[in-house]
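Chemist: First the structure, which I've put down as C-alpha cells, then a few questions once you've had a look.
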Amino acid sequence: MMGTVNENSDDYEDPDIFGLSLHRSNPPDRDMSLQVPDHSKKRPSSLYSEDGLVDDYEYEGDLPSQQGSFYLPNSGILTPAIKEDTSQLSAVIKMGWLDKNPPQGAIYYQKRWVKLDADYLRYFDSDKDVYSKGIISTAFITNVTTVGELKFEVGTNNRTFIFRAESEAERNDWVTVLQGCTRGRQRHTVMNPGSPFSPDCQGYLELKGLRSKLYTVVASDKVFLYKNVDDYRIGIGITSIEMNVGNIKISERRSFDLTTPYRIFSFIAESEQMRDQWVDAMRKAIAEALSNSEVAERIWAEPSNSHCADCGAPKPEWAAINLCVVVCKQCAGEHRGLGPSISKVRSLKMDKKVWTEELIQLFLMIGNERANSFWAANVPPSEALTLSSCNEDRRRFITNKYRQGKYRRYHPLYGNQTELNNALCINVQCSDVLETLSLIFCGADVNCSTGLESQPSPLSLATAHSQPLQAELLNHNLNTELPRSEGIEAMDPEPYPKPPSVSHNGFLFKTPSMARAVTERKAKEEFSRRWCTLIDEVFSYYESDKNSNPNGVLKASEIVCLAVDTPEKHGYDYTFEIYSESERLYLFGTDDPESHKHWVKSIAKSFIPASAEPLLRLGFERIGKLKCKDGLNLQSSKVGWFALEGSVLHVYLEGSQVEEIQLRKLNELSIQQDNEVLVLVEKGRTLYIKGKRKLDFSCWCAAIQAAAGSGGDTLNEQQLTETDIPVIVHSCIRYITQCGMTSEGIYRKSGVNSRVTALCERFRNDARSLCLREGEHQVDDVSNTLKRFFRELGEGLFTSEDSCSWLSTATIQDESEKISQYKHLLNKLPHVNKATLQALINHLYCVQHFCEMNQMNIHNLAIVFGPTLFQTDGKDYAAGRAIEDLIEHYKLIFEVDEQQLQKHIDEIHAIIKMRGNHKCPMASERGGDFICTVYLEENKPTAEQHVKIPGSMTAAELVCDMLDRRNIPVKEKEYWSCWEICSKEEMERPLHYQERVLPIVHSVGTESHLLIKKHLAMEAIIHYLTSKGDASKHGMIKFREERSLLGLGLPTGNFHDRYFILNTTSLRMYKDVRSNRPERDWPVKNLKVYLGIKKKLRPPTCWGLTVLYETKKPERQQWYLCCNTQSEVREWYATFLSIQYDGDVWPQEGLQNKRVSRELPDTRHGSVSLIPLRGSENEMRNSVAAFSQDPLALFRDVR
6 MMGTVNENSD
16 DYEDPDIFGL
26 SLHRSNPPDR
36 DMSLQVPDHS
46 KKRPSSLYSE
56 DGLVDDYEYE
66 GDLPSQQGSF
76 YLPNSGILTP
86 AIKEDTSQLS
96 AVIKMGWLDK
106 NPPQGAIYYQ
116 KRWVKLDADY
126 LRYFDSDKDV
136 YSKGIISTAF
146 ITNVTTVGEL
156 KFEVGTNNRT
166 FIFRAESEAE
176 RNDWVTVLQG
186 CTRGRQRHTV
196 MNPGSPFSPD
206 CQGYLELKGL
216 RSKLYTVVAS
226 DKVFLYKNVD
236 DYRIGIGITS
246 IEMNVGNIKI
256 SERRSFDLTT
266 PYRIFSFIAE
276 SEQMRDQWVD
286 AMRKAIAEAL
296 SNSEVAERIW
306 AEPSNSHCAD
316 CGAPKPEWAA
326 INLCVVVCKQ
336 CAGEHRGLGP
346 SISKVRSLKM
356 DKKVWTEELI
366 QLFLMIGNER
376 ANSFWAANVP
386 PSEALTLSSC
396 NEDRRRFITN
406 KYRQGKYRRY
416 HPLYGNQTEL
426 NNALCINVQC
436 SDVLETLSLI
446 FCGADVNCST
456 GLESQPSPLS
466 LATAHSQPLQ
476 AELLNHNLNT
486 ELPRSEGIEA
496 MDPEPYPKPP
506 SVSHNGFLFK
516 TPSMARAVTE
526 RKAKEEFSRR
536 WCTLIDEVFS
546 YYESDKNSNP
556 NGVLKASEIV
566 CLAVDTPEKH
576 GYDYTFEIYS
586 ESERLYLFGT
596 DDPESHKHWV
606 KSIAKSFIPA
616 SAEPLLRLGF
626 ERIGKLKCKD
636 GLNLQSSKVG
646 WFALEGSVLH
656 VYLEGSQVEE
666 IQLRKLNELS
676 IQQDNEVLVL
686 VEKGRTLYIK
696 GKRKLDFSCW
706 CAAIQAAAGS
716 GGDTLNEQQL
726 TETDIPVIVH
736 SCIRYITQCG
746 MTSEGIYRKS
756 GVNSRVTALC
766 ERFRNDARSL
776 CLREGEHQVD
786 DVSNTLKRFF
796 RELGEGLFTS
806 EDSCSWLSTA
816 TIQDESEKIS
826 QYKHLLNKLP
836 HVNKATLQAL
846 INHLYCVQHF
856 CEMNQMNIHN
866 LAIVFGPTLF
876 QTDGKDYAAG
886 RAIEDLIEHY
896 KLIFEVDEQQ
906 LQKHIDEIHA
916 IIKMRGNHKC
926 PMASERGGDF
936 ICTVYLEENK
946 PTAEQHVKIP
956 GSMTAAELVC
966 DMLDRRNIPV
976 KEKEYWSCWE
986 ICSKEEMERP
996 LHYQERVLPI
1006 VHSVGTESHL
1016 LIKKHLAMEA
1026 IIHYLTSKGD
1036 ASKHGMIKFR
1046 EERSLLGLGL
1056 PTGNFHDRYF
1066 ILNTTSLRMY
1076 KDVRSNRPER
1086 DWPVKNLKVY
1096 LGIKKKLRPP
1106 TCWGLTVLYE
1116 TKKPERQQWY
1126 LCCNTQSEVR
1136 EWYATFLSIQ
1146 YDGDVWPQEG
1156 LQNKRVSREL
1166 PDTRHGSVSL
1176 IPLRGSENEM
1186 RNSVAAFSQD
1196 PLALFRDVR
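Residue numbering for the sequence shown follows the working numbering, starting at 6 and increasing by one per position.
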C-alpha cells in the first residue's frame, strides 16, 4: 500500500525514477531479437532523495507500508542501457564505490556509485545507472572532514552526508579531491533565482503513479528534479536529465511523457494549461540542447579542443574567443575574473550567435595544442594545473598565463614595436593565424597603420587579401589588453637588425589568386605585371618596383606545392602555379624561359627541406608535400616530399632515400574514401597518399593519373606490364591466343575500320581499363588493332636508328653469320623494345605452328608483319625476309627454353580442343575432366603438379591423389587439406573435404591457385566444436562492407563495431547489443568465408575474415570481419564451418578411405574437354583465366 508523504519531514527515501509506471512493449521472439539479461531486484522503488534518510531494503514478499516511503512495482522499468549518457561524464573528476550511511541514526551502510564533477557530487545505485539517486551542489558544500574508521563527512549548512571508503588511502583521496574542488569557491546558503542557472520553468509536477509531487526545474538544456522547493534552494536534489536525448509526448488530459533512451518520466501537471506550459518549456530545452551541441561537437572535432587548455578536463564547454583556447567551466570562471579586456569568455553551447563559421574554423585551425605551444611553452611542472586543482591554484595559474604572459613563447621580434607591426601587416595577408596570435600577444599593435590608403589597418589588409580567419582573430583583439610581465621593461625602440639580402627578384605576370584548379587557358590580358621578390623564404609581389608595401605575401612555410605548366599552356609561354596552405592557387607567367627556370628553382628551394634536396635536381613538373602511408606502416601517416617527372613519381620520406615509382607500370591506381586517398600499388608495395587540402591534392591526383596513362607514340611512353611489354600488345596477343588461333587468315583479313579505330583510341586513353571479350570484340578487329599500333609506333619497334641494319642483315647469305648479327642487333635494342619484340615473335611462332588450321605459315606472316613492323610501303622485300628469319630462327636468336615453349604450345592445343568439343557435344565420353595445376605446400615450380580433375572429385580425393603422387604418408592427427589461395585479395579458404573441386577450378582467376597443405588449426577447431554446447555464436566484431564508390568499384568506408548473432539458419548483424532489430540478415548457406583481409583496407587487427555473399543475381556482396585475437577468429570460422556442413567438419575415419575413383561418371559437366589451368599469372598468360558456369565465358573476358 502506498503511504503518504509529509514534505516537511526529513524521513523519506529517494524517488526511484527507474521504477516509474511505464508501458513495456511485448518482447519479440527470442530467436529474432537480442536478449539483454534483466538483473533488476525485487525491491521497493523509492522516489525521493536519500539525503539523511534510509535507503531501499530488498524485500522478497509483501512490501510493508512505511511512513514517508513509496514502493512501486518494477514493471515499468525500461531495459537498462548498457552505455551511459556521456553528457553526465563530461567533466568527472573522480568516481568509485563508497558506502553511504544516511543520518537520523541509521546503523547500516549501502553501496553507492559516486561521481564528482565540478558542479555536483552524485551518487547512484550502480555504475550502470544514468540517473542518480541524489545530487549535492559543490557550491553548497561547507566542509569535508574525516570521521572514524575509513569514513568522511560532506557537510552543507543544512545537511551532513557520511560516506565510507574501502581503504584509508581511498578515503583520504576522496577528502583531498573534494576539498580541492570546493576550496576558494564562493559559498551559497540559498540558491538565487539566477544561480547557478536561470530556470526557464519551475514548479511542482506529479510523477505518474505517485501521490506526491516533485519540484521540477527546466533550465537551459537540462531538467532537475527535487523533493521540494526548499531542497532546490539549498542545492540538494535527486537527479538531472540531459535534454539532448529527450523527447516530449502529450498524453491524456494533464499528462505528458518525457522519454529518453534510458527511462520514461510520466508527469501530471495541475491543469491542461500548465501542462502545455511545461511541454513548451521542455521542448525548448530539447531544441536548445540539440542546437547548442552542434557548435561544441564541431569544435571538439579538433582532438586537442576536447580537453581544457588549462587543466585538461574533458569536453570543455567554454572558450576565450580572443585568446583562441577552449576551457572547462571551472577555468572559465577564473577567465571571467580577468575581465573582458583580457579574456572574452563565451559558451560553446549557449552563445550561438557568437560562433560564426569563421570563428569555428579559426578554433579548428589553431586548436588547444597549437595555442598552448605559444601560451604554455614554458610552464614549470610544479605550476601546471590538474583536474583536481583548487580554485585558488586555477586563479593563480590563469592570471600568470594570460594576464602576465608568464609562460608564453616570446617572438623573435619581441621588444621592437616597429618590426612587430611590420611583421603583423605582412603576416595577416597569409593564412598563418598562429603567427598572428604570437605577434599580437607579444606586443604588435592590432590598430597600427599599414601606410596604405586603401587598406589602412591590418584588419582591412586581411579582408582585402581574402583571409577571413585572420580578420576574425584581429576583430576579437581590437581592444585586448596585452600581457605585461612584472619586471619586463617597455619595448626597445631601436631598429631591428637589417634583414638578409634579396635572393631573387624581377618582374612576373600574375593572375588573381584562385580557389580552384586552372582548367581553361588564361589569355595575356588576364595577367597583371608585378614586381616579385624572394627574401629569406618570403615570396612577395608588389604593384611595381617603386612600392614598398607588397600586394601579397607568401611564406615558404605556407607553400605546399609548385607546378610547372607545359609551354604555351597560357597566354605567356612559361607559367608556374603556387599552391598555399590556405587553399589558394597563384598563377605566374613570363615569356623568358631562363627567368622562368630561375624562379621555379628558387621558389622550390625555399620550401623544400635540405634533406629532400635531390628532388631539386630533377626536371620536375610538380613538386610539394603530401601526407602518406606505406604498406609497411599503416598506423601513422607522415609527411612525404614528392616530385613528378614525366611518368616517374619521386618520393622522399623522412629518414630514407629518394625512391622512384614508375607510374606506367603500376598494378593499380585508384582514388578511395570520398576522393581523399590516392592508392598506388606496384609490385611488392602499396602507397597511400592522403589529401589534407582539397585543391592541391586534386591537382596531384589528376597529374599522377595523366602521367600513369599512355603518354605518347613510343614504346617507352606506353602503359607497361611487369615484364615491360605494352599492355595493348599483351592484351591483343592474349586474346588472339585464346580466341583466334584457328581463325583462317588471321592477321591477313581486315577488320571493320571504325571498330579498329575505336579500340586503338580506348587503348591509348587507358589500356589497363580495357578488357577484350569474345562476342563483344571480333578477332579480326583485335588483330588489326595490334598491327595498327606497330605501324603508327613512334620510331618503330626496331628504332629509326637501327632499322636499316636489321634490313641489311636479312640479305646476308651465311645463316650462322646472319643469326649472330640478329643477336647483336637484338641486344642493342632498348629494354622495352627487346621485350616487346620477343613477345610478338613468340606469338607469331605459335600462330604458324597451327597453320594447317589458320592458313598463316611463316611466309604469310612475314608478308603481313614485315612492312608493319619496319613501317615501309611493302616494296622492300627485305622487311618480310627479316621477320621470316626471326620467326624461323626464334629459338636460336632469342635463346628460348624449348621445354617451356613446348609446354606453351601444348596449352594452346588444349584450348583449341576444348573450343572444338564445345561446338561438338558428342565428341568424347570422358570430356568432363579438366587439367589443373595444383601446388604442394608452396607456390613454386618445383612443387607444382598437373592433375586431371573429374567432375565428381572432392577435395579429400584431390588431397589423397597429390599425396600418393609424392609418396607422402598421412600420419595420425595430420589434417592435410586443399586450400583455395587468392593472392590478390590476400585471403585463403580450406575446402571442405566433401566439396567438389571442379567448380572451384572454374571460378578461380589469374591471382588464385589450389594448394595442398596441412590445416594446422583443424585440431583446435574440432576440440572447440566438441566442447561447444550449441551451434551458434554471438559477439562484437569490427565490420566493413565493400561498396562501389563513384561507379569505380572501389572499396570505401571504415571498420565499425557491430554485434553479430550466428545461428543454424542465418547471420544477423545489429548496431549494438541493445538493438532488437537486425541491420542485415544473411542466410548462412549462401556465405563463403575466407581467412584473411587484404592489407590495403587497413584492418585494425591482423585476425580477420573475408565473407562473400553469393546470390542468383550477377553482382556479389563482399565484406570483412575483424576480430581481436587469433582464437576468436578461429571460433567464428569453426562455427561457420560447423553450421554449413551440419557439424561434419572432418571425416571420422580420416583421409585413408577418400582415394579418388577414376571411373565415376561426370554427371555435371558433360563432355567438356581437358583444359590446362595454371596458378601463376605469367604462366596463365595464354591459357584459361577464369571459367564460370558457361564454359566459353572465359573466352569473353580476356584482358
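Glycine included, every Cβ here is placed at the ideal spot set by N, Cα and C. Keep in mind it's a predicted model, so treat the numbers as computed, not measured.
Which whole-angstrom value is the C-beta distance of Ser715 and Ala772, which I expect to be below 8 Å?
Modeler: Along the sequence shown, read from residue 1 onward, the residue named residue 715 stands at position 710. Along the sequence shown, read from residue 1 onward, the residue named residue 772 stands at position 767. So it is a contact: roughly 6 Å between Cβ atoms.
Chemist: My guess is that Ser759 and Asn789 are in contact by the Cβ rule of under 8 Å, so how many angstroms apart are they, rounded?
Modeler: For the purposes of this step, residue 759 is taken as the residue at position 754 of the sequence shown. For the purposes of this step, residue 789 is taken as the residue at position 784 of the sequence shown. Not quite, the Cβ-Cβ distance comes to about 12 Å (not below 8 Å), so this is no contact.
Chemist: Classify Glu673 as helix, strand or coil using the three-state DSSP reduction.
Modeler: Reading the sequence shown from its first residue, position 668 is the one you call residue 673. Reduced to three states, the DSSP call for Glu673 is strand.
Chemist: DSSP on Leu1021, reduced to helix/strand/coil?
Modeler: As a working note, residue 1021 is residue 1016 in the sequence shown. If DSSP states are grouped into helix, strand and coil, Leu1021 belongs with coil.
Chemist: Does the Cβ of Gly199 have 16 or more other Cβ atoms within 10 Å, making it buried, or fewer, making it exposed?
Modeler: On the sequence shown, position 194 is the one that residue 199 refers to. Its pLDDT being 35, under 50, Gly199 is placed unreliably by the model, and nothing is read from it.
Chemist: Under DSSP, the beta strand (DSSP E) around Gly372 begins and ends at which residues?
Modeler: Residue numbering aside, residue 372 sits at position 367 when the sequence shown is read from its first letter. Gly372 -> not in any beta strand (DSSP E); alpha helix (DSSP H) instead, spanning Glu362 to Trp380.
Chemist: How big is the Cα-Cα spacing for Ser988 and Gln335?
Modeler: What you label residue 988 is simply residue 983 of the sequence shown in a count that begins at 1. What you label residue 335 is simply residue 330 of the sequence shown in a count that begins at 1. Taking the straight line from one Cα to the other gives about 57 Å.
Chemist: If you draw a straight line from the alpha carbon of Leu457 to that of Ala382, how long is it in whole angstroms?
Modeler: What you label residue 457 is simply residue 452 of the sequence shown in a count that begins at 1. What you label residue 382 is simply residue 377 of the sequence shown in a count that begins at 1. Approximately 35 Å between the Cα atoms of the pair.
Chemist: Output needed for Glu749: all residues of its chain with C-beta closer than 7 Å, excluding positions within five of it in sequence on either side, in chain order.
Modeler: Taking the sequence shown and counting its residues from 1, one reaches residue 749 at position 744. Cβ neighbours of Glu749 beyond the five flanking positions: Asn859 and Gln860.
Chemist: Tell me which same chain residues have a C-beta within less than 6 Å of the C-beta of Asp785, skipping the five on either side of it?
Modeler: Here residue 785 refers to the residue found at position 780 of the sequence shown. Excluding residues within five positions, the ones whose Cβ falls inside 6 Å are Lys754 and Gly756.
Chemist: Can you tell me whether DSSP reads Lys976 as helix, strand or coil?
Modeler: As a position in the sequence shown, residue 976 is number 971, starting the count at 1. Here Lys976 sits in coil by DSSP.
Chemist: Since Ser518 and Leu620 are thought to touch, with beta carbons under 8 Å apart, how far apart are those beta carbons, to the nearest angstrom?
Modeler: By 1-based counting over the sequence shown, the position of residue 518 is 513. By 1-based counting over the sequence shown, the position of residue 620 is 615. About 25 Å; that fails the 8 Å criterion.
Chemist: Which first and last residues belong to the beta strand (DSSP E) in which Met992 is found?
Modeler: Walking along the sequence shown from the start, residue 992 turns up at place 987. Met992 to Pro995 is the span of the beta strand (DSSP E), which, as asked, contains Met992.
Chemist: CB-CB under 7 Å to Arg971, same chain, minus the five flanking residues each way: which ones, in chain order?
Modeler: Within the sequence shown, residue 971 is the residue found at index 966, counting from 1. These residues qualify, in order along the chain: Leu941.
Chemist: Over the uninterrupted beta strand (DSSP E) stretch that includes Asn252, give me the two end residues.
Modeler: Counting from 1 along the sequence shown, the entry for residue 252 is found at position 247. Unbroken beta strand (DSSP E) run through Asn252: Asn252 to Ile255.
Chemist: Where Ser821 and Arg886 are concerned, what is the direct C-alpha to C-alpha distance, given to the nearest angstrom?
Modeler: Mapped onto the sequence shown, residue 821 falls at position 816. Mapped onto the sequence shown, residue 886 falls at position 881. Here the alpha carbon of Ser821 sits roughly 16 Å from the alpha carbon of Arg886.
Chemist: Hey, Leu674 and Val653: beta-carbon distance below 8 Å or not?
Modeler: By one-based count along the sequence shown, residue 674 stands at place 669. By one-based count along the sequence shown, residue 653 stands at place 648. No, these two residues do not count as a Cβ contact at 8 Å.
Chemist: From Glu857 to Arg690, what does the alpha carbon distance come to, in whole angstroms?
Modeler: Taking the first residue of the sequence shown as 1, we reach residue 857 at position 852. Taking the first residue of the sequence shown as 1, we reach residue 690 at position 685. Spanning the two alpha carbons is a distance of roughly 46 Å.
Chemist: Under 8 Å Cβ to Cβ from Ile917, same chain only, skipping five residues before and after it: list those, please.
Modeler: Translated into the one-based positions of the sequence shown, residue 917 becomes position 912. Once the five neighbours on either side are set aside, the close Cβ partners of Ile917 are Met746, Thr747, Phe855 and Met858.
Chemist: Rounded to the nearest angstrom, how far is the Cβ of Leu996 from that of Ala1022, given a contact under 8 Å?
Modeler: Taking the sequence shown and counting its residues from 1, one reaches residue 996 at position 991. Taking the sequence shown and counting its residues from 1, one reaches residue 1022 at position 1017. That belief does not hold up - the Cβ atoms of Leu996 and Ala1022 are roughly 15 Å apart, past 8 Å.
Chemist: Quick one: using the 10 Å Cβ neighbour count with 16 as the cut-off for buried, is Arg489 buried or exposed?
Modeler: Residue numbering aside, residue 489 sits at position 484 when the sequence shown is read from its first letter. By the neighbour-count rule (16 or more Cβ atoms within 10 Å), Arg489 is not buried but exposed.
Chemist: Give the straight-line distance between the Cα atoms of Thr264 and Val284, rounded to the nearest whole angstrom.
Modeler: In the sequence shown, counting from the first residue as 1, residue 264 sits at position 259. In the sequence shown, counting from the first residue as 1, residue 284 sits at position 279. Roughly 12 Å between the two C-alpha positions.
Chemist: Do you know how far the Cα of Val837 is from the Cα of Glu766?
Modeler: Numbered from its first residue, the sequence shown carries residue 766 at position 761. Numbered from its first residue, the sequence shown carries residue 837 at position 832. Whole-angstrom Cα-Cα distance: 22 Å.
Chemist: List the endpoints of the continuous alpha helix (DSSP H) containing Ile738.
Modeler: Taking the first residue of the sequence shown as 1, we reach residue 738 at position 733. Boundaries of the alpha helix (DSSP H) around Ile738: Val732 to Cys744.
Chemist: Please report how far the alpha carbon of Ser443 lies from the alpha carbon of Tyr1064, in whole angstroms.
Modeler: Taking the sequence shown and counting its residues from 1, one reaches residue 443 at position 438. Taking the sequence shown and counting its residues from 1, one reaches residue 1064 at position 1059. Ser443 and Tyr1064: Cα-Cα distance of roughly 49 Å.
Chemist: On a Cα-Cα basis, can you pick out the residue from Thr1111, Leu1030, Tyr1095 and Gly1040 that is closest to Glu1046?
Modeler: Your numbering for residue 1046 matches position 1041 in the sequence shown. It is Thr1111.
Chemist: Sorry if obvious, but does the Cβ on Arg414 come closer than 7 Å to a heavy atom of the ligand ATP?
Modeler: Among the ligands in the structure shown, none appear at all, so the ligand ATP cannot be discussed.
Chemist: Exposed or buried, which one is Gln999 when buried takes at least 16 other CB atoms within 10 Å?
Modeler: Taking the sequence shown and counting its residues from 1, one reaches residue 999 at position 994. Exposed, by the Cβ-count rule.
Chemist: From Arg258 to Arg280, what distance separates their C-alpha atoms?
Modeler: Your numbering for residue 258 matches position 253 in the sequence shown. Your numbering for residue 280 matches position 275 in the sequence shown. If I take the Cα positions, the gap works out to 9 Å.
Chemist: Would you kindly work out how many angstroms separate the C-alpha atoms of Val558 and Lys574, rounded to a whole number?
Modeler: Residue numbering aside, residue 558 sits at position 553 when the sequence shown is read from its first letter. Residue numbering aside, residue 574 sits at position 569 when the sequence shown is read from its first letter. When the Cα atoms are used, Val558 and Lys574 turn out to be separated by approximately 26 Å.
Chemist: Do the segment 245-261 and the segment 151-162 make contact, defined as three or more Cβ pairs closer than 8 Å?
Modeler: no
Chemist: What are the boundary residues of the alpha helix (DSSP H) that includes Thr441?
Modeler: If you number the sequence shown from 1, residue 441 lands on position 436. Val438 to Ile445 is the span of the alpha helix (DSSP H), which, as asked, contains Thr441.
Chemist: Can you grab the Cα-Cα spacing for the pair Trp629 / Trp646, in whole Å?
Modeler: On the sequence shown, residue 629 is found 624 positions in, with the first residue counted as 1. On the sequence shown, residue 646 is found 641 positions in, with the first residue counted as 1. Per the sequence shown, the amino acid found at residue 629 is Gly instead of Trp. If you take the alpha carbons of Gly629 and Trp646, they lie about 6 Å apart.
Chemist: Use the C-beta contact count for Trp5: other C-beta atoms within 10 angstroms, 16 or more gives buried, fewer gives exposed.
Modeler: Residue 5 lies beyond the stretch modelled for the chain, which goes from 6 to 1204, so this question has no answer here.
Chemist: Which residues share a DSSP beta bridge with Glu949?
Modeler: Position 944 of the sequence shown, counted from the start, is the residue given in the question as residue 949. Bridge partners of Glu949: Tyr940.
Chemist: For Arg534, count the other beta carbons within 10 Å of its own beta carbon; 16 or more makes it buried, fewer makes it exposed. Which is it?
Modeler: As a position in the sequence shown, residue 534 is number 529, starting the count at 1. When all chains shown are included, Arg534 counts as exposed.
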